[in-house]
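A quick write-up on the structure given underneath.
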Amino acid sequence: MHNIDLHKIDEMITKWLKNVDQIIPNLIAEMETDTKLNRFDLVTNVDKQIQNEFQVFLQTQLEGHRLFAEEKNNDEIDPRQGHVWIMDPIDGTSNLVKQQEDYCIILGYFVDGEPKLSYIYDYPHQHLYKAIENEGAFDNAQVMKQPPNMDIEEAILSFNTQVMNDETIHQLYDASFSHRIIGSCGLDSIRVIKGQFGAHINTNPKPWDIAAQFLFAKELGLKMTALNGGPIDLSTAAPFIISNEGCYSAVLEILNSDMGYER
Ligand code: NAP
Ligand code: CA
Ligand code: CA
Numbered sequence: 029m030h031n032i033d034l035h036k037i038d039e040m041i042t043k044w045l046k047n048v049d050q051i052i053p054n055l056i057a058e059m060e061t062d063t064k065l066n067r068f069d070l071v072t073n074v075d076k077q078i079q080n081e082f083q084v085f086l087q088t089q090l091e092g093h094r095l096f097a098e099e100k101n102n103d104e105i106d107p108r109q110g111h112v113w114i115m116d117p118i119d120g121t122s123n124l125v126k127q128q129e130d131y132c133i134i135l136g137y138f139v140d141g142e143p144k145l146s147y148i149y150d151y152p153h154q155h156l157y158k159a160i161e162n163e164g165a166f167d168n169a170q171v172m173k174q175p176p177n178m179d180i181e182e183a184i185l186s187f188n189t190q191v192m193n194d195e196t197i198h199q200l201y202d203a204s205f206s207h208r209i210i211g212s213c214g215l216d217s218i219r220v221i222k223g224q225f226g227a228h229i230n231t232n233p234k235p236w237d238i239a240a241q242f243l244f245a246k247e248l249g250l251k252m253t254a255l256n257g258g259p260i261d262l263s264t265a266a267p268f269i270i271s272n273e274g275c276y277s278a279v280l281e282i283l284n285s286d287m288g289y290e291r
């Protein structure tokens, strides 16, 4: 695929993402919240409507491209084959419901499993982060630079403390500078991508939680692996870390020491 095609697709997607600015305020004004598996597992009309709009956009504007997304059935789609968009229409739904802040749209475009274009749209703060294969990453129009190496002692680490055993949590606290969690896998990852956090860990992500991060990591020299250090299968995802190179090995060593990180 030639870059010229990617640029054309990027232009279309950027325009589509800017158009959601027109619909989000009304959707939030009439927000309806449902629960899925339990009372913490939320979905709103905002998630559903954004995904529906994108599905219609793909069907009408990008023939042959398929959608693999959180709020739909994906049984018929192998994201490693053909032209596939992986989408989390709202990442950080709890934040949307409780705070109306710190949520984003995650989009990754893959051709035969290779990441070509990636987007994390932080609508509340009006930052569109994008990565283009072999061309780097951008924060709105600004070129993003590879963050400098950060030792674990200097690093803020981001992880959900509900899912790790106390010993591992305290080892991570002791070894690092501090702990923070935003509550959106996409936005916690962006902090690593911008060099603000050293690493973000999610021990149970789905493909849409991490779809955009592959290309940002590749373009900006960050580490993104499973927690055993191996590659991540796009179709299933796996316990994952996105990390600054400087603290990656030290964080993984703690996670995998003794009996491992799980509670
Ligand atoms: P939350 O605010 O609901 O979500 C924080 C982030 O994690 C969002 O990116 C969210 O995506 C994603 N997420 C939601 N459910 C998840 C799950 N079961 N496993 C992994 N990621 C998930 O998180 P919370 O209120 O702190 O926790 C809600 C539940 O999710 C709890 O049971 C928690 O243990 C679990 N969780 C686990 C991890 C992990 O690393 N294993 C991380 C976060 C949450 P959406 O907004 O698109 O749902
Ligand atoms: Ca998510
Ligand atoms: Ca979601």
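Each residue of the sequence shown is one higher than the one before, counting from 29 in our numbering.
By construction, the Cβ of each residue, glycine as well, lies at the ideal position given by its N, Cα and C atoms.
Let's test the definition: count the other Cβ atoms within 10 Å of the Cβ of residue i and tell me whether it reaches 16, buried, or not, exposed.
i	result
Ser271	buried
Leu65	exposed
Met40	exposed
Gly226	buried
Met252	buried
Val84	exposed
Ala240	buried
Ile282	buried
Arg291	exposed
Asn54	exposed
Met287	exposed
Lys46	exposed
Glu98	buried
So, at 8 Å on beta carbons, what are the nonlocal neighbours of residue i in its own chain, with the 5 sequence-adjacent residues on each side left out?
i	result
His111	Leu90, Gly92, His93, Arg94, Tyr137, Phe138, Val139
Val48	Ile78, Glu81, Ile133, Tyr149, Tyr151
Pro107	Phe96, Ile114, Phe138, Gly141, Pro235, Leu262, Ser263
Glu60	Thr72, Asn73
Ile51	Gln77, Ile78, Glu81
Val100	Here the sequence assigns Lys to residue 100, which means Val is not the residue at that position. Gln79, Gln83, listed in sequence order.
Gln224	Ile184
Val8	Residue numbering for the chain in the displayed model covers 29 to 291; residue 8 lies beyond these limits and cannot be assessed.
Met29	Caution applies to Met29, whose pLDDT of 46 falls short of 50 and renders its modelled position unreliable; the value that the coordinates give is listed next. Around Met29: Val139, Lys144.
Hey, quick one: how far does the alpha helix (DSSP H) through residue i stretch, first residue to last?
i	result
Ser122	121-127
Ser212	Note, Ser212: premise wrong, no alpha helix (DSSP H); not H, not E.
Ile238	235-238
Going by DSSP, what residues sit across from residue i in a beta bridge?
i	result
Ser271	Ala227, Lys251
Tyr147	Leu135, Lys158
Glu290	Met192
Ala97	Met115
Leu34	In the DSSP output, where bridge partners are listed per residue, Leu34 has none listed.
Thr63	Leu70
Ser206	Ile184
Val171	Phe166
I'd like the span of the beta strand (DSSP E) that includes residue i, first residue to last.
i	result
Arg108	Arg108 -> no beta strand (DSSP E), and no H or E assigned at all.
Ile78	Unbroken run through Ile78 is the alpha helix (DSSP H), 73-89; no beta strand (DSSP E).
Leu350	Any answer about residue 350 is impossible in this case: the structure gives the chain only from 29 up to 291.
Ile184	184-186
Gly164	164-167
Asp20	Because residue 20 is not part of the residues shown, which for the chain are 29 to 291, the question remains open.
Asp179	Run containing Asp179: none; DSSP gives neither H nor E here.
Please return the same chain residues whose Cβ sits closer than 6 Å to the Cβ of residue i, not counting the five positions on each side in sequence.
i	result
Ala165	Ala159, Met172, Phe244, Glu247, Leu248
Leu86	His93, Leu95
Ile210	Asp130, Asp216
Asn31	Only weak support exists for where Asn31 lies, its pLDDT of 47 falling under 50; the value from the coordinates is given anyway. No residues qualify anywhere along the chain.
Ser204	Ile180, Ala183, Leu185
Gly214	Asp119, Cys132, Ile134, Ile148
Ser206	Ile184
Glu161	Lys144
Between residue i and the rest of its own chain, which residues show a CB-CB distance below 7 Å, the 5 nearest in sequence each way excluded?
i	result
Asp179	Gly274, Cys275
Thr189	Ile197
Asn123	Glu129, Asp130, Tyr131, Gly211, Ser212
Asp167	His155, Tyr157
Gln174	Leu248, Gly249
Ala278	Ile180, Ala203
Asn193	Tyr289, Glu290, Arg291
Ile56	Val74, Gln128
Does any residue of chain C have a CB that is nearer than 8 Å to the CB of residue i?
i	result
Ala203	The structure shown contains no chain C; it holds only a single protein chain.
| query | Which residues, in chain order, sit with a beta-carbon under 6 Å away from any heavy atom of ligand 3? | reply | Residues with a Cβ closer than 6 Å to any heavy atom of ligand 3, in chain order: Asp75, Glu98, Asp116, Ile118, Asp119, Thr121.
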